[in-house]
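Student:
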Amino acid sequence: MLKTLIIDDEQKARNVLNHYLTNSVSQEVDVRHAESVEEALKVLEDFEPEIVFLDVEMPHQNGFEFLLARKNPPYDIVFTTAFNQYAIQAIRFSALDYLLKPVDPEELQTAVDRHIEKVKGKPKQETQQLYDNLVHNIEKKNIREFRLAVPSSEGVFFFTLDEILRLEADKNYTSIHLVGKRPFLASKTLKHFDEMLGEFNFIRTHKSHLVNPKYIKQVTHNNQFLLLSDGSRIEISRRKKELVQQYLKLK
């Protein structure tokens, strides 16, 4: 029996999520509800959920304030939100789960499955680090100041966008090269990082390379390579050449 708690000030949203949890999720669930952070804290006095579905936008105290009130939670948190780009970026940058409203039942099942896999392998201390990073991010006024959390087999790495020199595909993994630090291998594809960093002007120069334009020193060999500030030479594919030229305003 999977114990879950829904925290949402909107009754309709609670009812919809309750319906999908009890009728669409393959696991058997025990669902409790709370319409505010205050009520949720009372529920938690005698109920120990495994997953909390936490609404980001609530009056009085929002979902992020719930995080501050519950340090080292023994449960997993899946954030639920209407489209709030700032909140979504803060959550994504912290490598945490979220569901967009209206909740899709297939995405809900995926979130539950991820929770089950996470419980098997992720240390509690690591999860708390991700929550702490989310609190750090939401306190920032500029998304570029967010700290990106990237779990790896060596633990979680935290760094800002300006610390990323380049990213390189390594099969289903990504080698992340940081300024002045040794690279490490992240268990996400380059496509995952491209989707996240593209809006911050990172350039996909090749199917295997994603580059921070801040560190481009020059373009060499008939626009076939980028030379970066650390001396690395990054290939520009024929398919990407026009896009790179347009971005860099090359003649």
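If you read the sequence shown in the working numbering, its first letter stands for residue 50, the second for the next number, and so on. Beta carbons: idealized from backbone N, C-alpha and C, even for Gly. Note that the structure is predicted; figures quoted are calculated from it, not measured.
Give me the Cα-Cα distance between Ile252 and Ile285, rounded to the nearest whole angstrom.
Tutor: Going by the C-alpha atoms only, they are around 10 angstroms apart.
Student: Can you name the start and end residues of the beta strand (DSSP E) that Tyr222 belongs to?
Tutor: Per DSSP, Tyr222 belongs to the beta strand (DSSP E) from Tyr222 to Leu227.
Student: Can you tell me which of Glu94, Asn121, His164 and Asn133 puts its alpha carbon nearest to the alpha carbon of Phe102?
Tutor: Closest option to Phe102, Cα to Cα, is His164.
Student: In or out: Thr159 buried (at least 16 other Cβ within 10 Å) or exposed?
Tutor: Classification for Thr159: exposed.
Student: Can you have a look at Ala62 and say buried or exposed, based on whether 16 or more other CB atoms are within 10 angstroms of its CB?
Tutor: buried
Student: Along the beta strand (DSSP E) that carries Gly204, what are the first and last residues, could you check?
Tutor: Gly204 to Thr209
Student: So the candidates are Leu149, Gln294, Leu93 and Arg141; which of them puts its Cα closest to the Cα of Gln267?
Tutor: Gln294
Student: What span of residues does the beta strand (DSSP E) with Phe82 cover, start to end?
Tutor: At residue 82 the sequence reads His, which differs from the Phe that was named. Segment Val78 to Ala83, the beta strand (DSSP E) holding His82.
Student: Can you list, in chain order, the residues of its chain whose CB lies under 7 angstroms from that of Lys289, leaving out five sequence neighbours each side?
Tutor: Arg253, Thr254 and His255
Student: Along the chain, where does the beta strand (DSSP E) that runs through Arg253 open and close?
Tutor: Ile252 to His255
Student: If we call anything under 8 angstroms between Cβ atoms a contact, is Pro98 one with Lys167?
Tutor: no
Student: Alpha carbon to alpha carbon, how far is Glu156 from Asp146?
Tutor: 11 angstroms
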